[in-house]
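Number of protein chains: 2
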Amino acid sequence: MATIRDVAKEAGVSVATVSRVLNETGYVHEDTKKAVTSAIEKLNYSPNEVARSLYTRKSKLIGLLLPDITNPFFPLLARGVEDELRLHDFRLIFGNTDENAEKEQDYIQTFQQNNVIGIISMTNQLSKATYQDLSIPVVFLDRTSSSLPSVYADGKEGGRIAAMEMLKRGSRRITLIKGPSHIQTAQDRFKGSLEVLSASEVDFYVMSTSSFSFTEAEKWAKELFGKYEDTDGVIASNDIVATAVIHEALRMGKSIPNDIQIIGFDDIPHSSLLFPPLSTIRQPAYEMGREAAKLLMKLMKNNQMKENSIQLPVTFIERSTTRKVDDYV
Amino acid sequence: MATIRDVAKEAGVSVATVSRVLNETGYVHEDTKKAVTSAIEKLNYSPNEVARSLYTRKSKLIGLLLPDITNPFFPLLARGVEDELRLHDFRLIFGNTDENAEKEQDYIQTFQQNNVIGIISMTNQLSKATYQDLSIPVVFLDRTSSSLPSVYADGKEGGRIAAMEMLKRGSRRITLIKGPSHIQTAQDRFKGSLEVLSASEVDFYVMSTSSFSFTEAEKWAKELFGKYEDTDGVIASNDIVATAVIHEALRMGKSIPNDIQIIGFDDIPHSSLLFPPLSTIRQPAYEMGREAAKLLMKLMKNNQMKENSIQLPVTFIERSTTRKVDDYV
Chain Z
1 MATIRDVAKE
11 AGVSVATVSR
21 VLNETGYVHE
31 DTKKAVTSAI
41 EKLNYSPNEV
51 ARSLYTRKSK
61 LIGLLLPDIT
71 NPFFPLLARG
81 VEDELRLHDF
91 RLIFGNTDEN
101 AEKEQDYIQT
111 FQQNNVIGII
121 SMTNQLSKAT
131 YQDLSIPVVF
141 LDRTSSSLPS
151 VYADGKEGGR
161 IAAMEMLKRG
171 SRRITLIKGP
181 SHIQTAQDRF
191 KGSLEVLSAS
201 EVDFYVMSTS
211 SFSFTEAEKW
221 AKELFGKYED
231 TDGVIASNDI
241 VATAVIHEAL
251 RMGKSIPNDI
261 QIIGFDDIPH
271 SSLLFPPLST
281 IRQPAYEMGR
291 EAAKLLMKLM
301 KNNQMKENSI
311 QLPVTFIERS
321 TTRKVDDYV
Chain E
1 MATIRDVAKE
11 AGVSVATVSR
21 VLNETGYVHE
31 DTKKAVTSAI
41 EKLNYSPNEV
51 ARSLYTRKSK
61 LIGLLLPDIT
71 NPFFPLLARG
81 VEDELRLHDF
91 RLIFGNTDEN
101 AEKEQDYIQT
111 FQQNNVIGII
121 SMTNQLSKAT
131 YQDLSIPVVF
141 LDRTSSSLPS
151 VYADGKEGGR
161 IAAMEMLKRG
171 SRRITLIKGP
181 SHIQTAQDRF
191 KGSLEVLSAS
201 EVDFYVMSTS
211 SFSFTEAEKW
221 AKELFGKYED
231 TDGVIASNDI
241 VATAVIHEAL
251 RMGKSIPNDI
261 QIIGFDDIPH
271 SSLLFPPLST
281 IRQPAYEMGR
291 EAAKLLMKLM
301 KNNQMKENSI
311 QLPVTFIERS
321 TTRKVDDYV
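Protein chains in written order, with full-length UniProt numbering: chain Z, 1 to 329; chain E, 1 to 329.
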């Protein structure tokens, strides 16, 4: 492989000059620049990013922290981040933290050791101060923060929409499943639904749950139909929990959506593959990933930029666990 | 942050000595080593990986190439790779190639620019020679290769098991869905099933398909029941295709598994969440990821090691789309 010395020799200039052209630092005469550029092309030289990052103190590496890539909501976010960054020649180092503060700290440290120039984090077990003390820009994704830039979906509005669609389609004995209390996004959607149901004339039952685990959700679904057998509409805390409700309703011989309507939250890829396919509130995960990458790149250009967060809209995806609205208007 | 100079000063030795301790090169007296180590601990010094990689020509970065992290089979593989590498302090740079040769080439190049010391690839649009010409070890994952180290599941045996389970459970008019011809792993499982069905006394119908796309699979499922209405067992090319078959069978009012049994391939997380939950042949994706990481680390230690590939066993996961075997033995 050609080295920077080969390029300098070919162009008849010094190594320092080639370096200035590569890093766009200092003055270089236009003709010299051309000579260097054509030498680079001729020799098919590609600068060593590591040497380059030592010289400029800048790498092209971005760190991506996520709780667990095997949770079906995260791959779409990660893919959005990567596709956007790739357009601008950045590369991703990634780590799964399992919502574990020690792992999160450990990854942040090694990211820094690798001269990462920005971090996108979908987890925040550590204090805001830890992130603020880093000398590089950080964007939170799918996490809300008042003091640091973040990109997230409008969960409260999503909760409202779910409740309104449920009412519009004729459910009158509604169950609202409240997700884990330590997850802010779960509470936002819960509050949105609660607001609409409280203002309506229908009966509703709130069921508290402590996780998004499918195995636990199966138990809650059984419990739900034991306690509130004639519920005719379930607003689930997310798509996984909605899946457990579908299974239990089918096991009990209920007809979906005639006897009972079910609405999920997220629109993970799996939801369209269920039988019946799940009606749900879609978070634009892929777009959220792209927006987070764009925001990070802006911050990297201008670290003094006032932090601003981006809230993306959610939408109702009508599939087959809800009735057609025409039947009820 | 403490620098290597601070450590040297604290320990009362030269920077070169600290460097020798850090990189475990050259002779350093045991007492000196202790002094350096305690200085490092006292100052909470962490070496800059970039400077270190320039000095030692070795980074701690591994490149991971995969077709598409949003395909539900890949996150488990990626997670296995990461968990194993993390135990040994390696970090992953990753890229989605979309089975596109140009993207694959582009990622390999930037991996090299970042002094990546090994690559795990779940895609191989490029020639074997391209990989062999790299100066760093490469392990293929979920891809078979005769000339390069690879880690994959025993697909042929998986195909055999699927057919044997189908027969054992009483299906007599079997449909065998043949996956895309350009995907080696799809052909292996097909051949395994074909071998067992050919040697049996039952009728069977082979249906050729060109992708693993769910939308296309829905069309094929409709076509299948049009052409072979009384088929009583379907061996699908993977779990996504099996999902489409389940949907179509339910739409037609067939009872699963009484009227028709269905067996998938892969055991993606979604399969246990279907209704009815899918019986399938499990590829140990997470374990495959870990094994690939282990093999790569061995190769990095000893680049002259004879390439060897690792084939992992597959298993039948009995859920609710197949009948109990007791009823037929």
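For every residue, glycine included, the Cβ atom is placed at its ideal position computed from N, Cα and C.
Cβ distance (whole Å) where residue i is taken to contact residue j below 8 Å
i	j	result
Ile268/E	Ala162/E	About 16 Å; that fails the 8 Å criterion.
Ser121/Z	Leu92/Z	At roughly 13 Å, the Cβ-Cβ gap does not stay under 8 Å, so Ser121/Z and Leu92/Z are not in contact.
Ile246/Z	Arg282/Z	Incorrect: roughly 18 Å between the Cβ atoms, too far for contact.
Thr144/E	Gln184/E	6 Å
Leu77/Z	Met288/Z	6 Å
Gln132/E	Leu148/E	7 Å
Gln109/Z	Ser146/E	At roughly 41 Å, the Cβ-Cβ gap does not stay under 8 Å, so Gln109/Z and Ser146/E are not in contact.
Per-residue burial, residue i [other beta carbons within 10 Å of its own, 16 or more giving buried]
i	result
Met305/Z	exposed
Ser198/E	exposed
Ala129/Z	exposed
Gln187/Z	buried
Thr25/E	exposed
Phe194/Z	Sequence check: residue 194/Z is Leu here, not Phe. By the 10 Å Cβ count, Leu194/Z comes out buried.
Glu165/Z	buried
Gly253/E	exposed
His182/E	exposed
Asn302/E	exposed
Asn114/Z	buried
Ser59/E	buried
Contact check, residue i vs residue j, beta carbons under 7 Å
i	j	result
Tyr205/Z	Thr243/Z	no
Pro67/Z	Thr37/Z	no
Ala236/E	Ile177/E	yes
Asp239/E	Thr280/E	yes
Thr322/E	Pro257/E	yes
Leu85/Z	Ile62/Z	yes
Leu296/E	Val151/E	no
Val21/Z	Val28/Z	yes
Arg251/E	Pro277/E	no
Ala292/Z	Val81/Z	yes
Val325/Z	Arg169/Z	yes
Arg290/Z	Asp230/Z	no
Phe275/E	Arg189/E	no
His270/Z	His270/E	yes
Phe94/Z	Phe94/E	yes
Cross-strand partners of residue i (DSSP beta bridge)
i	result
Tyr152/Z	Gln311/Z
Asp266/Z	Arg282/Z
Ile62/E	Leu92/E, Gly118/E
Gln261/E	Gly233/E
Thr175/E	Tyr205/E, Val234/E
Leu141/E	Val151/E
Phe316/Z	Ile281/Z
Other residues of its chain near residue i: CB distance less than 8 Å, five sequence neighbours each side excluded
i	result
Glu248/E	Glu218, Ala221, Lys222, Leu224, Phe225
Gln112/E	Leu134, Ile136
Ser200/Z	Ala163, Leu167
Ala35/Z	Ala11, Gly12, Val13
Glu157/Z	Gly192, Pro313, Val314
Glu30/Z	none
Lys42/Z	Glu10
Val196/Z	Gly159, Arg160, Ala163, Met164, Leu167
Asn44/E	Ala2
Asp259/E	Asp232, Ala249
Beta-carbon proximity list for residue i, same chain, < 7 Å, skipping 5 on both sides
i	result
Ser171/E	Asp232, Gly233, Gln261
Ser211/E	Pro180
Thr123/E	Leu65, Leu66, Pro67, Thr97, Glu99, Glu104
Arg79/Z	Tyr286, Gly289
Lys33/E	Val21
Ile40/E	Val7
Own chain residues within Cβ distance below 6 Å of residue i, not counting five before or after
i	result
Val18/Z	Ile4, Val7, Ala8, Val36
Phe74/Z	Leu66
Ala153/Z	Gln283, Leu312, Val314
Asp203/E	Arg173
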